[in-house]
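Here the sequence shown stands for residues 1 to 264, numbered as in our numbering.
For each residue, glycine too, the CB sits at the ideal point set by N, CA and C.
These numbers come from a predicted model, not from an experiment.
Have a look at the structure below before the remarks.
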Amino acid sequence: MKRELAAAARDLAAYVKSLDENLAEPPCGAAVAPRPAKTRAASPLPPPAGEPAVPQMTKKPADMDSLAEQVKACRKCGLGHARLNAVFGVGSYKAKVVFVGEGPGFQEDHKGEPFVGRSGQLLDKILETVLGLKRSDVYIANIVKCHPMKNPETPEAHGNDRPPTPEEISACRPYLDEQLRAIRPACIVTLGSVATKVLLGIDKGISTVRGRAYDYPVELFGPGHPIKVIPTYHPAALLRNPNLKRDTWEDMKMLKSFLETGKL
């Protein structure tokens, strides 16, 4: 196991280095390639008299496409008025594991897909190297579906990310639970402290809770059908601090064992 961990650590270190050298994002304020004809959502306006302030989410959407359309139309909080694209989720609707991050960033907001920047490419590499899986074999989503920005008036600026507020998380949380109900995963992997705190209902940092599995505290499928939660570091944390890659590898080996045996 030690030899295997050492080899994995070297592989991830080399990949992180290649990301730094070849995939570095332009600095804040640098020019970016023009987007296809897509405009930022309009600033918040009061709804016409007699209309609800936000679209009502059906209790049980007919399918995930229906739910995605509801997310696209959602204006429950200010994020819906500022983002360029709603970022619903990607992957298999029959996935055994769902990876959940904090929220979309610059690249995700522009493309409308979660984890497509440097962090996403590292996540893809981890899936392939440790689990032998592709992005299409799992499901990937976020706590909030729109890009939380420090300055919503400058969506083209890099370095404009911020954590979602409790109000934004509360507004978006029902969408994630509906996704989980539709997919019925056996396990959720929370990526980073924000996702871990929200989904486990705790106030501890990721470094103190990773390394073990938990029961998802929300009963989505009724008694006798628990979902396991495995917290680990966000890929962005590995890009900032490659020393965390060994812990992440161990967490993913735990996930692999669970997916193969059904036991933790």
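- Using a Cβ distance threshold of 9 Å, Asp109 and Arg135 do not count as a contacting pair.
- Taking the Cα of Ile143 as reference, the smallest distance to any Cα among Glu102, Gly201, Cys77 and Gln121 is reached at Glu102.
- For Ala141, the enclosing beta strand (DSSP E) starts and ends at Tyr139 to Asn142.
- Ranked by Cα distance from Val138, the first of Val198, Lys96, Thr196 and Ser207 is Lys96.
- Spatial neighbours of His234 in its own chain (CB-CB distance under 6 Å, excluding positions within 5 residues in sequence) are listed in chain order as Leu191 and Gly192.
- Assigned with DSSP and collapsed to three states, Phe115 falls in coil, not helix or strand.
- Under DSSP, Ile188 takes part in a beta bridge, and its partners are Val98 and Val229.
- Non-local beta-carbon contacts of Phe115 in its own chain, meaning distances under 6 Å to residues more than five positions away in sequence, involve Leu123 and Ile140 in chain order.
- The C-beta of Lys204 has fewer than 16 other C-beta atoms within 10 Å across all chains shown, which makes the residue exposed.
- Rounded to the nearest whole angstrom, the C-alpha separation of Arg181 and Phe221 is 7 Å.
- At a Cβ-Cβ threshold of 9 Å, Glu168 and Leu79 count as neighbours.
- Its chain contains Gly117, His147 and Asp161 as the residues whose beta carbon lies nearer than 7 Å to that of Gly105, once the 5 sequence neighbours on both sides are disregarded; these appear in chain order.
- Residue pairing by DSSP places Asp215 opposite Lys228 in a beta bridge.
- Pro223 counts as exposed, since fewer than 16 other beta carbons sit within 10 angstroms of its beta carbon.
- Taking the Cβ atoms as the reference, Val194 lies roughly 16 Å from Tyr214, outside the contact range of under 8 Å.
- Residue nearest to Phe88 within the set Asp177, Leu200, Gln121 and Leu127 is Asp177 (criterion: CA-CA distance).
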